[in-house]
Amino acid sequence: MADREKKKLVARWLEGKERSEDYARSTLPTNRWSLFWDIFKGRFGKLVLVNLIMVVTILPLAALIVWRMLALGVEGTVGPYGAGLGVGYPILPELVGYAEMSMFQADLLFFALFIPAGAIAALGISGGGYIIRNLIWTEGIFVTNDFLRGIRRNYWNVFEAVFVFTLILFIARTMGNLSDWLVALGVNGAGWLIASKVMGYIFVALAVLICFWMISLGISYKQGPWALFRNAVVMTIGTFPQTVFFAALATFPVFITIFTTGFFSIIMLLILILFGVSYALLVWLDYSQWAFDRFINPNMGIATGRGLYNKEKGKETAAPAAPADSAAMREYRRLIVAQGKSKLVCRPIKPIDDDLEVYQLPDSFSRDDLAKLRESKQAIEDDTRAFEEEHKNDERYVEYNRQFEERERALKEEDEGKKKKKKQPARPKMLNKR
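Take any residue in the sequence shown, note its place counting from 1, add 291, and you have its number in the working numbering.
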């Protein structure tokens with residue numbers, strides 16, 4: 292506008308952009324990419340806190356990896372690979388296949404231990420994934436309560452996913468080491484042995500993708516063990532290019548940490564400890580919600596686009612309903628309803644700003660003095676009622692009472708629904724419809 296002075300550069304830096312309604316709406320996420328960035332920069336502290344809790348449950352798995360690296364390093368240093376050269380003791384006349392045998396025996400132990408360590412890590416993944424899913428759905432969260440609730444709700448689904456992956460990894464690694472050992476010994480059929488090793492690693496790569504889908508499906512939907520695995524396989528095959536891309540995008544910090552050395556590896560390790568696991572879950576679950584909105588939710592009659600803003604409608608595409616809110620948030624609302632309306636907020640209270648006072652009785656008083664005392668109290672009560680009647684329709688009191696009644700009614704309907712529905716019906720099988 293002509294009558295508006297344009298702000299200088301420094302003033303714009305200090306004051307920021309104008310907080311107009313259009314600007315506020317323009318900052319709301321309208322797609323999954325912007326939603327990821329909005330959560331990452333706006334809830335970064337929550338992501339770090341959740342990541343640190345998950346790291347505690349992953350420590351046994353990390354300790355096993357470090358133990359294996361140290362054990363193999365020591366074996367390579369002190370092993371009898373140079374025996375018999377010059378003056379050596381003890382003399383081992385045949386060392387062919389000894390290194391492969393040592394690797395086979397060591398990995399047989401370590402990769403078997405990965406299975407129980409993965410079961411412990413599933414605790415953190417189930418709790419942290421539940422919190423991050425609620426962040427994607429733009430629900431209110433309480434980190435400790437929702438973390439424990441996520442374990443109770445999702446642990447067995449996540450455990451199934453981790454168990455399938457660690458079991459396939461154990462079998463593939465065992466068969467691969469056995470193949471190397473037999474090839475080193477010169478057993479016939481070396482080509483088939485090498486092919487079996489390659490196929491084992493291909494199965495491991497597919498198991499990673501299937502495990503990711505089992506985690507996201509298990510956190511978002513209630514389903515049986517076989518249905519969970521079957522649906523994860525279908526989603527992996529049906530969205531294979533996108534799945535490979537987003538799985539790589541989610542896990543690239545892990546691979547950079549593994550395949551780098553020196554100072555850069557230490558920096559990446561610190562990133563993993565602070566927010567690397569949360570970042571991976573945020574990327575994957577955000578992508579999963581896009582896939583669910585496209586392939587699953589419409590067929591199941593579930594609202595799509597949770598957490599996204601629809602520019603055409605001028606509101607969120609799917610505002611979460613009361614029953615779908617975070618369980619911790621529902622308990623918080625239930626506690627507020629149980630405590631009742633606040634008498635200081637639900638109705639007008641006349642301030643003490645006039646000359647009405649309670650009549651003070653003298654040391655020696657008569658019936659007339661008692662009548663004056665009663666009249667003064669009655670005058671104050673009448674004045675208070677008149678003030679309350681005059682201001683009872685003020686917006687702040689009407690709005691508070693309306694919100695409280697809606698909250699009370701919603702919780703009452705939820706309780707009545709639970710009483711009528713003794714057994715929750717099973718969800719329809721997913722992905723049967725195209």
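Backbone N, C-alpha and C define an ideal beta-carbon position, used for all residues, glycine too.
Use the C-beta contact count for residue i: other C-beta atoms within 10 angstroms, 16 or more gives buried, fewer gives exposed.
i, result
"E666", "exposed"
"I493", "exposed"
"K332", "exposed"
"R700", "exposed"
"L361", "exposed"
"K683", "exposed"
"I501", "buried"
"Q580", "buried"
"N322", "exposed"
"F555", "exposed"
"L400", "exposed"
"D398", "buried"
"D437", "buried"
"I422", "buried"
"R464", "buried"
"V574", "buried"
"G592", "exposed"
"F531", "exposed"
"T429", "buried"
"G477", "exposed"
"N590", "exposed"
"V346", "buried"
"T527", "buried"
"F656", "exposed"
"A677", "exposed"
"G336", "exposed"
Could you give the residue range of the alpha helix (DSSP H) that holds residue i?
i, result
"I442", "V434 to L476"
"I485", "A481 to S511"
"P532", "F531 to I549"
"T675", "R658 to H682"
"F566", "Note, F566: premise wrong, no alpha helix (DSSP H); not H, not E."
Tell me the DSSP secondary structure of residue i in three-state form.
i, result
"Y650", "coil"
"E366", "helix"
"T608", "Since pLDDT at T608 reaches only 48, below the 50 mark, its modelled position is unreliable, and no value is offered."
"Q396", "helix"
"E430", "coil"
"P320", "coil"
"S556", "helix"
"Q286", "What the structure shows of the chain is the stretch from 292 to 725, and residue 286 is not part of that stretch, so it cannot be assessed."
"S655", "coil"
"D329", "helix"
"R295", "Confidence at R295 is low in this model, with a pLDDT of 44, below 50, so its placement is unreliable and no value can be given for it."
"G419", "helix"
"I349", "helix"
"G515", "coil"
"P639", "coil"
"G336", "helix"
"G768", "A question about residue 768 goes unanswered here, because the residues of the chain that appear run from 292 up to 725."
Check whether the Cβ atoms of residue i and residue j lie closer than 8 Å to each other.
i, j, result
"G598", "L326", "yes"
"F405", "L350", "no"
"V453", "A410", "yes"
"L652", "A670", "no"
"Y578", "P320", "no"
"N282", "S511", "Outside the shown range of the chain (292 to 725) lies residue 282, about which nothing can therefore be said."
"F583", "A538", "no"
"A413", "V455", "no"
"I432", "L439", "no"
"I442", "G480", "no"
"L469", "F402", "no"
"I506", "I564", "no"
"L572", "G420", "yes"
"N445", "G509", "yes"
"G388", "A486", "no"
"D674", "P639", "no"
"L355", "A408", "yes"
"I668", "V649", "Correcting the residue identity first, residue 668 is Lys in this sequence and not Ile. Closer than 8 Å, so yes."
"L473", "L484", "yes"
"G515", "K488", "no"
"M559", "T552", "no"
"R424", "L576", "yes"
Relative to the ligand NAP, is the shortest distance from any of its heavy atoms to the C-beta of residue i smaller than 7 Å?
i, result
"L652", "As presented, the structure is devoid of all ligands, the ligand NAP included, so that no description of it is given."
Distance cutoff 8 Å, beta carbons only. Does residue i sit that close to anything in chain C?
i, result
"G419", "No chain C appears in the structure shown, which is made up of a single protein chain."
(request) With a floor of 3 residues, list each beta strand (DSSP E) that falls wholly inside the stretch 571 to 604, ordered by position along the chain. (result) The stretch 571 to 604 is shown to contain no whole beta strand (DSSP E) run of 3 or more residues.
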